[in-house]
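Residues 0 to 503 in numbering that gives the first Met the number 0 are what the sequence shown spells out, letter by letter. We put the beta carbon where it would ideally sit given N, CA and C, even for glycine. Remember, it's a predicted structure, so these values are computed and weren't measured experimentally.
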Amino acid sequence: MAGKLEVERKYEVPADFTLPPLAGVGGVASVGDADDLRLDATYYDTPTLRLARGRVTLRRRTGGHDAGWHLKRPAGGDRSELQVPATSSRQTKPPAAVTAQVRALSRGEALQPVARIRTHRIERALRAADGSTVALVAEDSVNTESLHGSRPERQWRELEIELVDGSRSALDDLDAALRAAGARPAASPSKLAQALGDDYPAAPPSPTKPSPLAVYVRDQRDAIIEHDPGARDGEVESVHKMRVATRRLRSTIRSFAPLLPAVTDSGWALDRLHDEIKWLTGILGEVRDGDVMGERLTTAVAAEPPELVLGPVAARVEQFLAGRTAAARERLIAGLDSERYTGLLVELDAFVDAAAGQVARKQLMRLAHRALRRADRRLAAAEHTPPDAPALPGHATRDERMHEARKAYKRARYAAELVAPIAGAKATKLADRLTDLQDVLGAHQDSIVTGELLRELAVQAYAAGENAFTYGLLHARQHEHGLLVLNDLPKVRRRAAKAARKLY
């Protein structure tokens, strides 16, 4: 299985089009011999063309130099491509490695053939003076057959140029030369779009002035879908961004519930939707927390003088966290492969649609301000709790109340982000100040969680006959760090309050 970023441009060309001389253009020194290829591709999608709606294409192609399964999805202005070799010439069912990558888009629906596209391709390599390939230029004669409806077969010519080792400026130069010769940028986004014709899903119309609430919830839903493939592949950043999107959705539901639909079309109550998003946040968080804690403890051990690191501390930390994170990853993949997850995505679709109505600016600002006032009250309650107050049933400790305040400020920050499109720079400034406040409280909470983990590791080390001194030392350092970071709390709180007064 291989992935790459595909940087290409497609053109419509007249019947009498002739490829112009490209030597000397964009660093091209020579044009290679023509490679005559016969490509036969079957495209797959759900019965409702969910992949096409997301501008994702999945095909199984024979012929050429990269026969097998190809999955292409948008990546900025370019496309990312995943290639999986076919296990046999008779394989017609997409492999699990591919179906998992599109599960968030397909919502678990079965994939079936929707089009067959045969291409007679004449491909030439455009080479630089050092022999490297700047780009590949292909002249295609295309014949398409729709398997999704009763669309007639279509035939046309097109031109495609794909960057290989060249620069984007070289691609721009080549583009200019091709246009001067009569090529025109393709009006259709893909061969599949032309094969399906009117059946190919059009881009959804955007409201003239969508409300910030509608945009915010839509963007978070889209972020979950976008980062799903990377989270499945174990990409740390994808797990993080997917988790942040779920947190923003949960916070929006809590902060702006009066403006959101109480029940979805299928009967889900808003509380149930929140709880299901919380479940997804949890299984993502187990993986994310393991990654962060591993880096945090590894750095802490490495910072100690060698004479204070007694026993196999680094090895025990690594082994313990690796095992825990591996188990968390298994639970994450099981969750992402579950019907519970696809059901949640379907409900999020309905939720996004239902939240698309216009909302008064005054209502949004009022609820965003209320989220901040709630956070301020929680921090005040934490500060009025004695640090040495015992943990009693029904009474939160000071550290627990600090943690609750941190979560409340995170919700207030997300609320400020949401209203920024209508409140402008003042809301953005407040969000930045709340991030600083949240970071101080977060560093305090992280020191507590890290200390608890070090205590657990110390118990394990002692039971194994190892010296537990270093774990105690690290625990003390974490406790000290947690107290020190709170020294910054008055300053960041004043700055946040000042920004809030200007906004609300």
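| Asked | Found |
| --- | --- |
| DSSP state of Gly-67 mapped onto helix, strand, coil | strand |
| Alpha-carbon to alpha-carbon, Ser-189 and Ala-14 | 19 Å |
| Residue closest to Tyr-10, alpha-carbon to alpha-carbon, out of Asp-174, Ile-447, Val-291 and Arg-432 | Asp-174 |
| Distance CB(Ala-176)-CB(Leu-21) smaller than 8 Å | yes |
| C-beta contact flag for Glu-346 and Thr-263 at 8 Å | yes |
| Cut-off 8 Å between Cβ atoms - residues of its own chain near Leu-195, not counting five sequence neighbours on either side | Leu-48, Ala-51, Val-113, Ala-114, Ser-145, His-147, Gly-148 and Arg-150 |
| Within the region 202-270, ranges of the alpha helix (DSSP H) (whole runs, at least 4 residues) | 211-231 and 235-254 |
| Same chain only: Cβ atoms within 6 Å of Leu-343, ignoring 5 sequence neighbours per side | Glu-275 |
| Stretch-stretch touch, CB-based, cutoff 8 Å, three pairs: the region 404-422 with the region 472-482 | no |
| Simplified DSSP state of Gln-90, which is helix, strand or coil | coil |
| Touch test, the region 382-402 against the region 347-358, Cβ-Cβ under 8 Å, three pairs minimum | no |
| Alpha carbon of Leu-233 to alpha carbon of Ala-499, nearest angstrom | The sequence as given places Gly at residue 233; Leu does not occur at that position. One C-alpha to the other measures close to 39 Å. |
| Distance between Arg-315 and Leu-482 (C-alpha atoms, nearest Å) | 27 Å |
| Strand pairing of Pro-136, partner residues [DSSP] | What sits at residue 136 in the sequence shown is Val, not Pro. For Val-136, which the question treats as bridged, DSSP gives the partners Arg-123 and Ile-160. |
| Closest residue to Arg-504 among Ser-446, Thr-434 and Glu-7 (Cα-Cα distance) | The structure shown does not extend to residue 504, since the chain is modelled only from 0 to 503, so the question has no answer here. |
| Identity of the residues DSSP links to Ser-446 by a beta bridge | Its beta-bridge partners do not exist; DSSP assigns none. |
| Limits of the beta strand (DSSP E) - the one that Leu-38 falls within | 34-44 |
| Simplified DSSP assignment, three categories, for Gln-82 | strand |
| Between the CA atoms of Ala-66 and Asp-431 - distance to the nearest angstrom | 49 Å |
| Contained alpha helix (DSSP H) runs [length at least 4] in the region 279-346, N- to C-terminal order | 312-335 |
| Coarse secondary structure for His-394, derived from DSSP in three states | strand |
| Under 8 Å between C-beta atoms of Leu-258 and Gln-362 | yes |
| Extent of the continuous beta strand (DSSP E) to which Thr-61 belongs | 56-61 |
| Three-state secondary structure assigned by DSSP to Pro-200 | coil |
| Range covered by the beta strand (DSSP E) that runs through Glu-11 | 7-11 |
| Whether Asp-487 touches Val-448 by CB criterion (8 Å) | no |
| Inter-residue Cα distance where the pair is Ala-414 and Thr-469 | 42 Å |
| Thr-586 in three-state terms, based on DSSP | There is simply no residue 586 to check, as the chain begins at 0 and stops at 503 in what is shown. |
| Touch test, the region 122-140 against the region 160-171, Cβ-Cβ under 8 Å, three pairs minimum | yes |
| Gln-100: first and last residue of the uninterrupted alpha helix (DSSP H) it sits in | Per DSSP, Gln-100 belongs to no alpha helix (DSSP H) and is neither H nor E. |
| Per-residue DSSP class, three states only, for Val-24 | coil |
| Assigned secondary structure, Ser-168 (DSSP; H/G/I helix, E/B strand, else coil) | helix |
| CB of Glu-122 within 8 Å of CB of Leu-18, strictly | no |
| Beta bridge counterpart(s) of Val-141 as assigned by DSSP | Thr-118 and Trp-155 |
| Backbone CA spacing between Ser-237 and Thr-324 [nearest angstrom] | 16 Å |
| Under the three-state DSSP convention, the category Ser-149 falls into | coil |
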